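The listed protein sequences derive, respectively, from chains X, U, R and D. Residue 113 in this note's numbering sits at position 113 of the first sequence, with consecutive numbering throughout. Residue 1024 in this note's numbering sits at position 24 of the second sequence, with consecutive numbering throughout. Residue 2031 in this note's numbering sits at position 31 of the third sequence, with consecutive numbering throughout. Residue 3067 in this note's numbering sits at position 67 of the fourth sequence, with consecutive numbering throughout.
Number of protein chains: 4
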Amino acid sequence: MFSHSTEIRVRYGETDQMGFVYYGNYALYYEVGRVEAIRSLGITYKDLEDQGVIMPVVRVDAKYIGPAKYDDLLKITTTINEMPDRFITFNVIITNEEKNVLHKATVTLCFKNADSGLQIRTPPSLIEKLQPYFP
Amino acid sequence: MFSHSTEIRVRYGETDQMGFVYYGNYALYYEVGRVEAIRSLGITYKDLEDQGVIMPVVRVDAKYIGPAKYDDLLKITTTINEMPDRFITFNVIITNEEKNVLHKATVTLCFKNADSGLQIRTPPSLIEKLQPYFP
Amino acid sequence: MFSHSTEIRVRYGETDQMGFVYYGNYALYYEVGRVEAIRSLGITYKDLEDQGVIMPVVRVDAKYIGPAKYDDLLKITTTINEMPDRFITFNVIITNEEKNVLHKATVTLCFKNADSGLQIRTPPSLIEKLQPYFP
Amino acid sequence: MFSHSTEIRVRYGETDQMGFVYYGNYALYYEVGRVEAIRSLGITYKDLEDQGVIMPVVRVDAKYIGPAKYDDLLKITTTINEMPDRFITFNVIITNEEKNVLHKATVTLCFKNADSGLQIRTPPSLIEKLQPYFP
């Protein structure tokens, strides 16, 4: 298991007139969560793209438990529960400063060769970094 | 069953550097789909808000099947399969001009009193409009 | 002079907690305005990209006169006042259904070769379409 | 003169298919810049809203000098050159890690009473915090 947390401050432009974060903007938070999780491993999503790999999202399952509000400092905890192969799944939990769980999501991505568009397995450069967490 | 279709042209600002619609922006498309579906019933989401009802999203389950591209004219088909009560669920299917299914999602919302924040049942004004489709 | 109008319905996700369209989202409206203006000429921005031309924005000057609100049906009027050469400037006026002017902007783009990144003149395919309006 | 800098990491969802930050998304960066500038004074934009004051943007003048790219760590420098009265103007300069200036903007906001919608002068709570910088 590999887990990583990062913080995000809610922007005004991410709220809607209900006064909460617009439901579609959580996708940006998942993205920051997984990007920073990967960076903490010593490799970046940008490195993977530079190696010719893109990672399209194939599935999102999201539960909105409580509203995130403007200027909230959110904690995004991103967990990989199993070694990725043809897909990689990130479990995301978002809490506010009062430690209330506001949101849970499961986000699955695949790996593709940017040129051919063909699906590939997890790049070895990422596997290598994850190996220590899945002994 | 109640079903309604509407069209959306993909904006440049909705793409990302992969060259496809950013995965978080589909939420905007679901929104347009359900708003136009409700409008076609003879009531608007805005009317409901003016009556003091807000409709937060509580669950999204989305499958990304194929990429939507810049300037694609997408068809958003929004279906309500059962009479809403404490929740309302919209099934969304997104196809492109070649009639390829690009995306499927299930989006569930609840109803809340805007002032109290308390969850309520589906407002009678909406029930009335849906009744003919669930005989 | 070349002028074209198109309509846009304000999305919920485009509002912020002030209850109005977030100031950054007008850029999406300018984009739709100029893209539809160009399409009405018989060529598309996508065609230009397929010809290897990209059009980065270099300048925006925007005046926010009145608030656009959720579900407003906005009229975006896009005008080209002079024949483009190294730059193309679009003047945008946004009005609501009550014909109130809500917003005015001047948006200037340049043309670049997508491969080299070098700035180029207006592509002949676009010049040809605009010629009749600048006799 | 009051000046403050903050950093922002470019998100994937903020890029477009040109491979750069979408021109409309700079508005989010100005927002983060001015919000953090105000926070550094010991008051927050949220405090002002809680006091019944909203701050709509009335003017943006933006120059796009070079492209910001995915995963760039941008430095947003926000400067107030004169004591605000009926309006407050923020000058924004955005640089990348190579210290290239990518973007310059001038953003002017007014102050309104949230209930009445009427324009007001700069709230005393903000004036007080700025006073030391404009002796």
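Note that CB positions come from ideal geometry on N, CA and C, so glycine has one too. Every value quoted in this text rests on a predicted model; they were computed, and no experiment measured them.
My output table needs one value for residue i: the three-state DSSP class, helix, strand or coil.
{"i": "E2128/R", "result": "helix"}
{"i": "I2038/R", "result": "helix"}
{"i": "K3099/D", "result": "coil"}
{"i": "F3114/D", "result": "Reading off the sequence, residue 3114/D comes out as Ala, not Phe. If DSSP states are grouped into helix, strand and coil, A3114/D belongs with coil."}
{"i": "A27/X", "result": "helix"}
{"i": "D1047/U", "result": "helix"}
{"i": "Y12/X", "result": "helix"}
{"i": "Y64/X", "result": "strand"}
Please state whether the Cβ-Cβ distance between residue i and residue j is less than 8 Å.
{"i": "V1021/U", "j": "I1076/U", "result": "no"}
{"i": "H1004/U", "j": "A1037/U", "result": "yes"}
{"i": "Y70/X", "j": "Y12/X", "result": "yes"}
{"i": "A2105/R", "j": "R3059/D", "result": "no"}
{"i": "V2010/R", "j": "A2068/R", "result": "yes"}
{"i": "F1134/U", "j": "R1121/U", "result": "no"}
{"i": "Q131/X", "j": "R86/X", "result": "no"}
{"i": "S2125/R", "j": "I2054/R", "result": "no"}
Give the straight-line distance between the Cα atoms of residue i and residue j, rounded to the nearest whole angstrom.
{"i": "T2095/R", "j": "R3034/D", "result": "29 Å"}
{"i": "M2083/R", "j": "I2127/R", "result": "8 Å"}
{"i": "L74/X", "j": "I3008/D", "result": "16 Å"}
{"i": "G3019/D", "j": "L3102/D", "result": "15 Å"}
{"i": "D16/X", "j": "L2048/R", "result": "35 Å"}
{"i": "G3117/D", "j": "Y2064/R", "result": "15 Å"}
{"i": "N91/X", "j": "E3098/D", "result": "35 Å"}
{"i": "E14/X", "j": "N25/X", "result": "6 Å"}
{"i": "P1123/U", "j": "Y1029/U", "result": "24 Å"}
{"i": "I3093/D", "j": "I1093/U", "result": "43 Å"}
{"i": "D50/X", "j": "D2050/R", "result": "23 Å"}
For residue i, go through chain D and note every residue whose CB falls closer than 7 Å to its CB, in chain order.
{"i": "M2018/R", "result": "I3054, P3056"}
Determine the chain R residues that contact residue i at a beta-carbon separation under 9 Å, and present them in chain order.
{"i": "N2958/D", "result": "This structure cannot settle anything about residue 2958/D, because the visible part of chain D is limited to 3001 through 3135."}
In chain order, what residues of the same chain have a beta carbon less than 6 Å from the beta carbon of residue i, not counting five sequence neighbours either side?
{"i": "I88/X", "result": "L109"}
{"i": "Y2045/R", "result": "V2035, I2038"}
{"i": "K72/X", "result": "Sequence check: residue 72/X is Asp here, not Lys. Cβ neighbours of D72/X beyond the five flanking positions: V10, N96."}
Interface residues of chain D around residue i at Cβ under 8 Å?
{"i": "Y1064/U", "result": "What Y1064/U touches in chain D: nothing, since even the nearest Cβ is about 14 Å away."}
{"i": "D1070/U", "result": "Looking at the sequence provided, one finds Tyr at residue 1070/U rather than Asp. The answer, in chain order, is Q3017."}
{"i": "P2067/R", "result": "P3056"}
Leaving out five residues on either side along the sequence, give the residues of the same chain with a beta carbon under 8 Å from the beta carbon of residue i.
{"i": "G1052/U", "result": "N1113, A1114, D1115"}
{"i": "N81/X", "result": "M1, T89, N91"}
{"i": "Y3006/D", "result": "Checking the sequence, you will find Thr at residue 3006/D rather than Tyr. Result list for T3006/D: V3032, G3033, E3036, A3037, K3075, I3076, T3078, in chain order."}
{"i": "P56/X", "result": "L109, C110, K112"}
Closer than 9 Å by beta-carbon distance: list the chain C residues that pair up with residue i, in chain order.
{"i": "R3059/D", "result": "The structure shown contains no chain C; the protein chains it does contain are X, U, R and D."}
Taking residue i as the query, report the chain U residues whose CB atoms sit under 9 Å from its CB, ordered along the chain.
{"i": "D3013/D", "result": "Going by the sequence as given, residue 3013/D is Gly instead of Asp. In chain order: D1016, Y1022, Y1023, G1024, N1025."}
{"i": "T2044/R", "result": "D1071"}
Which bits of chain D does residue i rub up against, with CB to CB less than 9 Å?
{"i": "E97/X", "result": "Per Cβ cutoff of 9 Å: no residues; E97/X is ~13 Å from chain D at best."}
Using C-beta distances below 7 Å, list every residue in its chain close to residue i, excluding the 5 sequence neighbours before and after it, in chain order.
{"i": "G3066/D", "result": "N3100, L3102"}
{"i": "K129/X", "result": "L41, G42, I43"}
Check the Cβ of residue i against every Cβ in chain X and list those closer than 8 Å, keeping chain order.
{"i": "P1084/U", "result": "Simply none; closest approach about 17 Å."}
Taking C-beta pairs closer than 7 Å, name the residues in chain X that residue i reaches, listed in chain order.
{"i": "V3032/D", "result": "R11"}
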